[in-house]
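A.B. asks: The opening residue of the sequence shown carries number 820 in the working numbering; numbering runs sequentially from there.
No residue lacks a Cβ here, since even glycine has one placed at the ideal position from N, Cα and C.
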Amino acid sequence: MNHSLKRYFERLCGAGAIVLPLSVLPLTAFGQQPLVQDLSSGSSGFYQQTQRQESSGGNLVLFNQVQEHQKEIQQLRGQIEELRHQLEQLRRQSQQQYLDIEDRLMNSASNQIEQSTPEVEPEAAEQVVNAPSSRNVSEDAQADYQAAFAHVQARQFEDAIDAFKAFVSDHPDSSLTANGYYWLGELYAAEGELSAADASFSRVIEQYNGSSKVPDALYKLGLVKARQGEAERSRELLEQVRDDYPQSSAAGLANDFLRQSAG
């Protein structure tokens, strides 16, 4: 019996030597296989994470560029405002220069017939009405003109404006009509209504070119343009007075103004 058991175990062990390695091999091989995880599926996959990172990086670059552009625009706007401010200062300085020159001329020209701000001697109204340009004027026109001019004497400028406006409306064909528009220009300038003064002086020049008031209207329009900041147009008008009406008192004033403004 012992001999039979011995042989049985030998056969059993022999078979085990073959079976055991086969039973262990799958476990060993399984332990040696690399663990692979599928990252391509699911909302937090590797590729989607990479894409989100790239998108975030691109948005940040774009945001920075927009910020830089906004800063540049703000800087440019600041520069534009500064240039506008400097231009306005230059315009005001130029206008003030002309005003100062005008004031000096008005103070020094004792022989000037009519000042920029109307100041008339008591006898002036009668002299104006009796001037050569007012001959053959109707009695009504003369009376209305004298009444309007009386307001100028009294420095009642608003009343004078109303009176001269009524005069040129009621007597559009009188030889004194040009004088009426001229005095409207003077009065508007004295009141600081430069656009209205411009229109009145221009009407004398354009519609009554045969009037003796044209040289004065040209000169005064040149001063108005200077006060409006139109230096080039002012110079053209003053040169026109000097060249076209060299014997007039307005030509001498215009020449003085041009000489002093150039200096």
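Alpha carbon to alpha carbon, how far is K1032 from A962? Give it in angstroms, no decimals.
C.D. replies: The count along the sequence shown starts at 1 and reaches residue 962 at position 143. The count along the sequence shown starts at 1 and reaches residue 1032 at position 213. Each residue's alpha carbon lies about 20 Å from the other.
A.B. asks: Counting only runs of 3+ residues fully inside the region 996-1020, write out the beta strand (DSSP E) ranges in chain order.
C.D. replies: Here no run is fully enclosed.
A.B. asks: I'd like to know whether the C-beta atoms of G1004 and Y964 end up nearer to each other than 8 Å.
C.D. replies: Working through the sequence shown from its first residue, we reach residue 1004 at position 185. Working through the sequence shown from its first residue, we reach residue 964 at position 145. No, these two residues do not count as a Cβ contact at 8 Å.
A.B. asks: Count the other CB atoms, across all protein chains shown, that sit within 10 Å of the CB of H904; report buried if there are 16 or more and exposed otherwise.
C.D. replies: By 1-based counting over the sequence shown, the position of residue 904 is 85. Its Cβ having fewer than 16 others within 10 Å, H904 is exposed.
A.B. asks: What are the start and end residues of the alpha helix (DSSP H) that includes H970?
C.D. replies: In the sequence shown, the residue the question calls residue 970 occupies position 151. Counting along the chain, the alpha helix (DSSP H) containing H970 begins and ends at E958 to Q972.
A.B. asks: Going straight from the alpha carbon of L1077 to that of L881, what length do you get?
C.D. replies: Reading the sequence shown from its first residue, position 258 is the one you call residue 1077. Reading the sequence shown from its first residue, position 62 is the one you call residue 881. Near 59 Å, if we compare the C-alpha coordinates of L881 and L1077.
A.B. asks: Taking 8 Å as the threshold (C-beta atoms), are Y1007 and S1019 in contact?
C.D. replies: The count along the sequence shown starts at 1 and reaches residue 1019 at position 200. The count along the sequence shown starts at 1 and reaches residue 1007 at position 188. Taking 8 Å as the Cβ cut-off, S1019 and Y1007 qualify as a contacting pair.
A.B. asks: Using only CA atoms, which one of A1050, N1074, S988 and A973 lies nearest to V1060?
C.D. replies: Taking the sequence shown and counting its residues from 1, the one referred to as residue 1060 is at position 241. Of the listed residues, the one whose Cα sits closest to V1060 is N1074.
A.B. asks: Which residue comes first and which comes last in the alpha helix (DSSP H) that contains E1058?
C.D. replies: The count along the sequence shown starts at 1 and reaches residue 1058 at position 239. Note, E1058: alpha helix (DSSP H), A1050 to D1063.
A.B. asks: If we ignore side chains and look at the alpha-carbon of each, how far apart do V1023 and Q898 end up?
C.D. replies: On the sequence shown, residue 1023 is found 204 positions in, with the first residue counted as 1. On the sequence shown, residue 898 is found 79 positions in, with the first residue counted as 1. For V1023 and Q898, the distance between alpha carbons rounds to 44 Å.
A.B. asks: Should A1073 be listed as close to the ligand SAM, given that the test is whether its C-beta is under 7 Å from any heavy atom?
C.D. replies: Within the structure as shown, the ligand SAM is missing, as the structure has no ligands at all.
A.B. asks: Taking L1057 and Y1038 to be in contact with their CB atoms under 8 Å, please state how far apart those CB atoms are, rounded to whole angstroms.
C.D. replies: Position 238 of the sequence shown, counted from the start, is the residue given in the question as residue 1057. Position 219 of the sequence shown, counted from the start, is the residue given in the question as residue 1038. With 8 Å as the limit, L1057 and Y1038 qualify as a contact, their Cβ atoms being about 7 Å apart.
A.B. asks: Three-state secondary structure (DSSP) at S1067?
C.D. replies: As a first step, residue 1067 must be located in the sequence shown, where it is residue number 248. DSSP places S1067 in coil when its eight states are reduced to three.
A.B. asks: Let me confirm a value: D1063 is counted as buried when at least 16 other C-beta atoms fall within 10 Å, else exposed. Which label applies?
C.D. replies: Walking along the sequence shown from the start, residue 1063 turns up at place 244. The residue is exposed, with fewer than 16 neighbouring Cβ atoms inside 10 Å.
A.B. asks: V987 and D1017 - do their beta-carbons sit closer together than 8 Å?
C.D. replies: For this step, residue 1017 is matched to residue 198 along the sequence shown. For this step, residue 987 is matched to residue 168 along the sequence shown. Cβ atoms of D1017 and V987: not closer than 8 Å.
A.B. asks: In whole angstroms, what separates the C-alpha of W1002 from that of F968?
C.D. replies: One-based indexing of the sequence shown puts residue 1002 at position 183. One-based indexing of the sequence shown puts residue 968 at position 149. In a straight line, the C-alpha of W1002 is about 9 Å away from that of F968.
A.B. asks: Determine, using beta carbons only, whether Q982 and A960 come nearer to each other than 8 Å.
C.D. replies: For the purposes of this step, residue 982 is taken as residue 163 along the sequence shown, with counting starting at 1. For the purposes of this step, residue 960 is taken as residue 141 along the sequence shown, with counting starting at 1. Rather than Gln, the amino acid found at residue 982 in this sequence is Ala. No, the pair does not count as a contact, with Cβ atoms beyond the cut-off.
A.B. asks: Report buried or exposed for V971, applying the criterion of at least 16 other Cβ atoms within 10 angstroms of its Cβ.
C.D. replies: The residue given as residue 971 occupies position 152 in the sequence shown. Counting Cβ neighbours within 10 Å, V971 comes out buried, since at least 16 surround it.
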